[in-house]
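*Asks:*
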């Protein structure tokens with residue numbers, strides 16, 4: 019016995035419309051998840067610059083959503099899209115756009131902020147009121163700092179260490195390898211009285227203090 023797929027929906031998590039659920043008339047035919055990280059080029063005497071990890075980037079979820087009010091003959095904008103638009107507007111209570119979750123059965127539960135929504139209207143009442151819309155949306159994953167830190171298991175030093183600089187090393191790279199977070203480069207710079215974090219050379223010995 020077959021059962022129909024659960025309807026995908028967007029739930030607003032905070033702000034004046036907290037708890038509002040925007041249910042799709044039909045589920046997306048497909049969706050795309052983009053994962054990426056940030057790198058910068060570190061120029062050396064080698065022909066190809068060395069790639070240096072700088073930071074992680076939020077996952078992005080993109081898809082086309084469909085909304086239809088043909089049976090009700092209601093304005094699809096006020097029925098669905100105004101709530102969707104609110105995710106791209108500054109909420110007076112939050113001083114920022116609200117956060118949301120895109121949920122589709124047990125397959126996707128994506129906590130995020132909406133960063134883009136491109137709307138296309140394809141059916142209208144005789145007076146021009148739209149009753150059908152297609153919306154290309156892009157969500158960017160959002161996690162509180164506490165959520166992220168709880169999942170990171172840093173194996174950073176708990177004792178003072180000495181690091182011998184090799185060709186291509188930077189404070190960002192060293193901090194990433196030793197502390198699991200490139201942003202701790204300043205800890206190393208301060209411990210070694212480095213005013214210019216780029217002023218290190220192969221053979222230099224750096225003190226790595228415990229965090």
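Numbering (my numbering), first residue to last: 19 to 229.
Where a beta carbon is used, it is the ideal one built from N, C-alpha and C, also for glycine.
Nearest to residue 161 by CA position, among 127, 141, 202 and 188, is which residue?
*Replies:* Residue 161 has its Cα closest to that of 127, out of 127, 141, 202 and 188.
*Asks:* I'd like to check one pair, residue 51 with residue 74: are the Cβ atoms closer than 9 angstroms?
*Replies:* Cβ distance not < 9 angstroms, so residue 74 and residue 51 don't count as in contact.
*Asks:* Please list, in chain order, all residues of the same chain as residue 178 whose beta carbon is under 8 angstroms from its beta carbon, the five residues on each side excluded.
*Replies:* Only 225, 226, 227 and 228 meet the Cβ criterion.
*Asks:* How is residue 73 classed by DSSP in three states: helix, strand or coil?
*Replies:* If DSSP states are grouped into helix, strand and coil, residue 73 belongs with the strands.
*Asks:* Quick one: is residue 192 buried, meaning 16 or more other Cβ sit within 10 Å of its Cβ, or exposed?
*Replies:* Residue 192 should be labelled buried.
*Asks:* Note the first and the last residue of the continuous alpha helix (DSSP H) segment covering residue 301.
*Replies:* Here the chain has residues from 19 to 229 only, and residue 301 is not among them.
*Asks:* Under DSSP, the beta strand (DSSP E) around residue 212 begins and ends at which residues?
*Replies:* Here residue 212 belongs to no beta strand (DSSP E), and DSSP marks it neither H nor E.
*Asks:* In the DSSP assignment, find the unbroken alpha helix (DSSP H) run with residue 160 in it and report its ends.
*Replies:* Note, residue 160: premise wrong, no alpha helix (DSSP H); not H, not E.
*Asks:* At which residues does the alpha helix (DSSP H) containing residue 192 begin and terminate?
*Replies:* Where residue 192 is concerned, the enclosing alpha helix (DSSP H) stretches over 189-197.
*Asks:* To the nearest whole angstrom, what separates the beta carbons of residue 26 and residue 121, a pair I think is in contact under 8 angstroms?
*Replies:* Indeed, because the Cβ distance is near 7 angstroms, the residues count as touching under 8 angstroms.
*Asks:* At which residues does the beta strand (DSSP E) containing residue 54 begin and terminate?
*Replies:* Run containing residue 54: none; DSSP gives neither H nor E here.
*Asks:* Any idea if residue 57 is buried or exposed, counting beta-carbon neighbours within 10 angstroms, 16 or more meaning buried?
*Replies:* Exposed: under 16 other Cβ atoms inside 10 Å.
*Asks:* What three-state label does DSSP hand residue 115 in the structure shown?
*Replies:* Three-state result, residue 115: coil.
*Asks:* Relative to the alpha-carbon of residue 150, which residue among 216, 90, 23 and 131 has its alpha-carbon at the smallest distance?
*Replies:* Checked all of 216, 90, 23 and 131; the closest Cα to residue 150 is 90.
*Asks:* In the DSSP assignment, what are the bridge partners of residue 232?
*Replies:* The shown model of the chain, from 19 to 229, leaves out residue 232, and the question about it has no answer.
*Asks:* If distances are taken between C-alpha atoms only, which option among 77, 49, 41 and 80 comes closest to residue 86?
*Replies:* Of the listed residues, the one whose Cα sits closest to residue 86 is 41.
*Asks:* With a cut-off of 8 angstroms on the beta carbons, I'd call residue 43 and residue 84 a contact; round off their distance for me.
*Replies:* Contact holds; Cβ gap of about 6 angstroms.
*Asks:* When you compare only the Cα positions, how much space is there between residue 77 and residue 210?
*Replies:* Taking the straight line joining both Cα atoms gives about 36 angstroms.
*Asks:* Using CA coordinates, which residue listed in 139, 213, 125 and 45 is at the minimum distance from residue 93?
*Replies:* Out of 139, 213, 125 and 45, 139 has the C-alpha closest to the C-alpha of residue 93.
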